[in-house]
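Going left to right, the sequence shown walks through residues -23 to -1, 1 to 355 as mature numbering (1 follows the signal peptide of the UniProt record, and there is no 0) numbers them.
C-beta: ideal position from N, C-alpha, C; glycine also.
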Amino acid sequence: MNSSCRRALCLLLLLCLLACSSAAPARRSRRSAPRTNVIDACWRGDPNWAANRQRLAQCSVGFAGKMAGNAGRDVTMYRVTDPSDDPANPRPGTLRYGATVLPGKVWITFARPSMYIRLQRPLLVKSFTTIDGRGANIHIAEGAGFLLHEVSNVIIHSLRFHGLRPHPPGPVKAPGGAVIQMGSSDGDAIRLISSSKIWIDHNTLYDCYDGLLDVTRGSTMVTVSNNWFRNHNKVMLLGHDDNYAEDRNMKVTVVYNRFGPRANQRMPRVRHGYAHVVNNFYQGWGLYAIGGSMNPSILSEANVFVAPKEGNKKVTWREDGGGAGKNWNWASVRDAFINGAAFEQTGSGGSGPGYNRQQWFPVAAANDVGAFAAAYQM
């Protein structure tokens, strides 16, 4: 048996042990600890889900809340039939035409079982747009990524982002119909700027030039769920920079995701705002798993942290400029630590997310998170 097979077998055994363990880190109740992924349970159990795709809008949880505004009789159902891309003059049938040009609420699906879309410049996704790749194998690859700029009510679901690289300035069609001169792009897979009520679910992201996901410049009410982040250095940035104080209002839920293998740092890295990091599976890290600066609040709840066999086993990292980080509210609640993983808690304990009825969801026990990760496939 070669080394890669042995590693895969060891991971499978670890996930099974986590799923079957009877030593739960906290007392379980029917209300607080389901043995299921509540997002997937909402729609995947229906064998006819493809006949009612808009049901998905009722399945989101966390700070994004329900995405009911993306559904309804006034939604235009649009099928991508053409994988080509013209940034300044998108043709009907292309992804850019549906995501940027069509007015009103748009629900985008894909006509082919497999598509490889190479965006020539970042795709400007407009408000009330759902990009739904379920049932198809859709690659956003070897080109530019998605940019959500001052928009709301966007769902990005079941896509594969990889091999994205920086692009020079050039003309791009913007929401509303104008062609704008866009500056150079960094090679992010998905970037949010001053956007709210965004749900990013069931995507696979890896091997891009800069970040896989950046939530910046006042963006808030975001849920990042069921994604697989792997083979990348800077995974997820929450908060623009240390001087951008508007990000103090940022609220992000990071739930049911798988990080790794070969994910180095920023899972996530948080500036200023609040992050609820819950029921995720961490398959090692390089520099750190969860980090931050500028007094962010982080509640890490019922995650599984599998430290690397060698190197840094600390989950957390702080850029605090002289020790101020000891007062930041970073809390670990019912997390599971494997291979010597360790979470440094600080402050007076992390405050709860304060979800409303549309945002709330029951948190699973950490020993069930392995089952989520083992079952997760794109």
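- L136 and D345 have their C-alpha atoms spaced approximately 25 Å apart.
- Pairwise C-beta distances place the stretch 85 to 101 in contact with the stretch 68 to 76, as three or more of them are shorter than 8 Å.
- Annotated as proximal: R95 and G120, with beta-carbon spacing under 7 Å.
- No Cβ-Cβ contact shorter than 7 Å links F320 with N14.
- Membership of D178 in the beta strand (DSSP E) is indicated by the continuous run S173 to D178.
- If you check the CB distance, V292 and N316 do not come in under 7 Å.
- Between W307 and the set A318, E278, A313 and P285, the nearest pair of CA atoms involves E278.
- Within the stretch 284 to 332, there are no complete alpha helix (DSSP H) runs of at least 4 residues.
- For the 7 Å CB-CB criterion, N280 and N257 form a contact.
- Taking a contact to require three or more Cβ pairs closer than 8 Å, the stretch 266 to 273 and the stretch 240 to 252 qualify as touching.
- Take P60, set aside five residues on each side of it, and the residues of its chain with a beta-carbon closer than 7 Å to its own are M92, Y93 and I94, in chain order.
- Taking C-alpha positions only, V192 is separated from P24 by approximately 34 Å.
- Proximity to V199 across L215, R207, D184 and R239 peaks at L215, based on C-alpha coordinates.
- Rounded to the nearest angstrom, the gap between the Cα atoms of A318 and Y332 is 29 Å.
- In the same chain as S173, and ignoring 5 residues on each side of it, the C-beta atoms closer than 6 Å to its own belong to S129, T197 and M198, in chain order.
- Inclusion of S171 and R194 in the CB contact set at 7 Å is warranted, their separation being smaller than that value.
- Per DSSP, A18 lies in no beta strand (DSSP E); the unbroken alpha helix (DSSP H) holding it starts and ends at V15 to W20.
- In this structure, the straight-line span from the alpha carbon of G347 to that of N210 is close to 23 Å.
- The residues D163, G164 and D165, in chain order, have a CB closer than 6 Å to that of D187 in the same chain once the five nearest residues on each side in sequence are set aside.
- Per the DSSP secondary-structure output, K211 pairs in a beta bridge with Q242.
- Taking every protein chain shown into account, the CB of K103 has 16 or more other CB atoms within 10 angstroms, so this residue is buried.
- Taking a C-beta distance under 7 Å as the contact criterion, P245 and G261 do not qualify as a contact pair.
- The straight-line gap separating the alpha-carbon atoms of R98 and G122 is approximately 7 Å.
- When rounded, the separation of the alpha-carbon atoms in I157 and D312 is 47 Å.
- Boundaries of the beta strand (DSSP E) around F258: F258 to Q260.
- When rounded, the separation of the alpha-carbon atoms in V201 and D178 is 6 Å.
- The C-beta distance from W205 to R235 rounds to 5 Å, short enough to meet the 8 Å contact threshold.
- Residue pairing by DSSP places S277 opposite V254 and S309 in a beta bridge.
- Bounds of the beta strand (DSSP E) holding K228 are K228 to V232.
- Taking C-beta separations shorter than 8 Å and ignoring five residues to either side along the sequence, the partners of D63 in its chain run T71, R73 and Q97, following chain order.
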